[in-house]
Amino acid sequence: MTATVDIPAPITSRFDRESSAFDVVEGLDLHGRCALVTGGGSGFGYATARALAQAGATVYVADIDIDKTRRAADAFNASQPRARLHPLALDLGSIGAVRSFASAFLAQTPQLHILVNNAGIMAAPQGYTDDGIERQFAVNHLGHYVLTRLLQPALVSAQGARVVSVSSIGHRRSDIRYDDIHFRHTPFNTWDAYGQSKTACALLAVEVDRRWSKHGVRSNTLNPGGSLTGLHEHLTVEERKRMGWLDEDGKSPARWRTPEQCASTATWLASAPELAEVGGRYFEECQQAPAWSEADPGVGVKRYAIDPDNARRLWRVCAEMAHMGED
């Protein structure tokens, strides 16, 4: 399906894997802009939200754990008297909860300049939401799909909005399993489920950009890189050691980056003036990623994750799952 997908001339920046989200916004003035970051109570999302707020944006952080998110927001607000994070409760695993959230958000926020779809879970045991959706697919992708679509009026009203969809190196594990997205007829593999959900995150950015760029809404996707955060909560210490994510002493290897460094690409995509007319692309370490190849398997994007036909197909499938029209 995807062998003929072209990757446009690469976009580069002066930032790299060592850059932090705060490096990216240095010198930028985001006053007057409104941002929403999902999964903003910890990890990459919290770092992204703090950087955007420090640059002057009004930032809402939405997370399923509202108590943790309030504590995180309070800690930041106490340290930055001229910047504030506004915590909100959001359960991306429930379509009804996402609908209620979006309705309340639109009632108080007519314009949304930045939407960072960051929240996610990884390597979770097999499970299904009350809507009958495989849990990783629901939280990582479908909830964001519904949220993004419902917030479209505020994004269009901003007259120059950006949607940032956080994918992962894990997308290389699996394309969309259209014949059995929810693993009801084939053995469940948590890494295949995670990989599928992260491919879906990338495809959401491609299709949002195709559909809404004419309305001034641009969308890109990214691999944030590796850092030990709460995303790893479903893995035991021994599992992390076997995968090389911890050394024998239980410490992080040097290759891991800080959450602030992993948040740099999302923050750059959300804020950089030079990206105002850029969309439908996949980035790593603040650079546009090349196509994945066996010759250099540690970097790059699998072509199926940015294939426009694949993105259109997934949009239609998700519209049916969420009982929404295609438009």
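Using numbering that gives the first Met the number 0, read the sequence shown as starting at 0 and increasing by one per residue.
Every residue gets a Cβ at the ideal spot worked out from N, C-alpha and C, and that includes glycine.
Ala34: member of the beta strand (DSSP E) spanning 33 to 37, first to last residue. Only exposed fits Trp190, as fewer than 16 other CB atoms lie within 10 angstroms of its CB. Under the criterion of beta carbons closer than 8 Å, Asn309 and Ile175 qualify as touching, at roughly 7 Å. Out of Val205, Leu221, Ala34, the CA that lies nearest to the CA of Ser167 is found in Leu221. Counting only runs of 4+ residues, the alpha helix (DSSP H) found wholly inside the stretch 76 to 135 occupies 94 to 107, in chain order.
Taking C-beta separations shorter than 8 Å and ignoring five residues to either side along the sequence, the partners of Ser102 in its chain run Leu149, following chain order. For the 8 Å CB-CB criterion, Asp129 and Ser93 form a contact. Ranked by how close their Cα comes to the Cα of Gly26, the residues Asp5, Gln53, Ile120, Gly44 have Gln53 in first place. Apart from the 5 residues on each side of it in sequence, Ser263 sits with its Cβ closer than 8 Å to the Cβ of Phe14, Ser18, Ser19, Ala20, Asp22, Val23, Glu284, Cys285 in its chain, given in chain order. Just measuring C-alpha positions, the residue of Arg209, Trp267, His143, Gln79 sitting nearest Gly95 is His143. Counting along the chain, no alpha helix (DSSP H) covers Asp62; the unbroken beta strand (DSSP E) around it starts and ends at 57 to 62.
Residue pairing by DSSP places Ala201 in no beta bridge whatsoever. Exposure of Gln158 is indicated by the presence of fewer than 16 other C-beta atoms within 10 angstroms of its C-beta.
Between Leu35 and the set His112, Ile10, Ser78, Ala8, the nearest pair of CA atoms involves His112.
One Cα belongs to Tyr127, the other to Arg134, and the distance between them is close to 5 Å.
The residue among Lys301, Ala318, Gly297, Ala204 with its C-alpha nearest the C-alpha of Leu268 is Ala204. A Cβ-Cβ contact shorter than 8 Å links Ile10 with Arg280.
Within the same chain, Cβ atoms closer than 7 Å to the Cβ of Gln110 are found at Cys33, Ala153, Ser156, Ala157, the five residues on either side in sequence being excluded. The shortest CA-to-CA distance from Thr147 to any of Ala74, Val163, Leu87 is the one to Val163. Residue environment: Arg49 is assigned as buried (16 or more neighbouring CB atoms within 10 Å of its CB, all protein chains considered).
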